[in-house]
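Protein chains in written order, with my numbering: chain L, 9 to 151; chain R, 9 to 151.
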């Protein structure tokens, strides 16, 4: 277990597992040369991240062919515990006839009302994760 | 109340209030031409966002003089409710002798162990926020 400044660096497998367990993540994109981060509800299917957005929106334009960041985390401030996973990859709009769509139609309903017919897919080429560990806990885990 | 595709657009005052109420946010930066998002625990003091990081880290380099994105949110997936706030501004390292430091010394302890002596400040020049609203709720609120 590698610990750097109180953070355990997770393996890629652990990071993918946490990424697959999440429901709300944040996408980092560039809009008009400015950085922006927006939450989206998503699903992982076959190692790729999928979420819905409005057709013709800034988000749709910014996620079609761009390299984007995608982050998921879960923190309990009172317990000073938590983890985060960062994925980086190229985003693209998915053809509505793609075979993976059947799974997504049943499991990826946006939290918000309104029309979000565009489906974005991020294929991660880099995944990293870290988890907060406190000294006594770290010692127990290595015994 | 402006509602766009199920999202109520918050006023800047409402957004600042939510930003000030949060404890963990995510910063969007560029490292080696790649976008990245990392969670940090932060405080707002006099309208600016402060968080600690390691001296000499990639984070320190990426947040000294760059325009960055900062996002805070809170979602309850089971209730399909939640909100998010996005702030954009220039980040800079803060001189340890700055007068604001007294407040931060007592209220900004990082969740993780380890040394994080560098203090980063983001002065937001753009703040926006949105909250999920569902139709019956939206109607009630406008009556």
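Cβ atoms here follow ideal geometry from the backbone N, Cα and C, with glycine treated the same way.
DSSP places residue 67 (chain L) in the uninterrupted alpha helix (DSSP H) bounded by 66-70. Taking C-beta atoms as the reference points, residue 81 (chain L) and residue 47 (chain R) count as a pair closer than 8 Å. Cβ neighbours of residue 90 (chain L) within its own chain (closer than 8 Å, five residues either side excluded): 81, 82, 83, 84, 139, 140. About 18 Å separates the beta carbons of residue 97 (chain R) and residue 18 (chain R), which is beyond the 8 Å limit, so they are not a contact pair. For residue 71 (chain L) against residue 37 (chain L), the beta-carbon gap comes to about 6 Å, under 8 Å, which counts as contact.
With a cutoff of 8 Å on beta-carbon distance, residue 53 (chain R) and residue 112 (chain R) are scored as near each other. Exclusion of the five residues before and after residue 16 (chain L) leaves 9, 139, 141 as the residues of its chain whose Cβ lies within less than 6 Å of its Cβ.
With respect to the 8 Å criterion, residue 45 (chain L) and residue 39 (chain R) are not classified as neighbours on the basis of their beta carbons. Under the rule that a run must span 3 or more residues, the beta strand (DSSP E) segments found entirely inside the stretch 27-83 of chain R read 32-39, 42-53, 56-61.
Spatial neighbours of residue 132 (chain R) in its own chain (CB-CB distance under 6 Å, excluding positions within 5 residues in sequence) are listed in chain order as 95, 97.
Under DSSP, no beta-bridge partner is assigned to residue 115 (chain L).
Between residue 129 (chain L) and the set L:51, L:20, L:29, L:24, the nearest pair of CA atoms involves L:51.
Residue contact with chain L for residue 47 (chain R): present (Cβ-Cβ distance below 8 Å to some residue of chain L).
Pairing residue 25 (chain R) with residue 69 (chain L), the inter-Cα distance amounts to about 30 Å. Contact of residue 31 (chain L) with chain R is assigned, a C-beta pair being separated by under 8 Å. Residue 134 (chain R) counts as exposed, since fewer than 16 other beta carbons sit within 10 angstroms of its beta carbon. Distances from the alpha-carbon of residue 32 (chain R) to those of R:99, R:143, R:119, R:66 put R:119 closest. Residue pairing for residue 138 (chain L): DSSP places it in a beta bridge opposite L:17, L:92.
Beta-bridge pairing by DSSP links residue 12 (chain R) to R:15.
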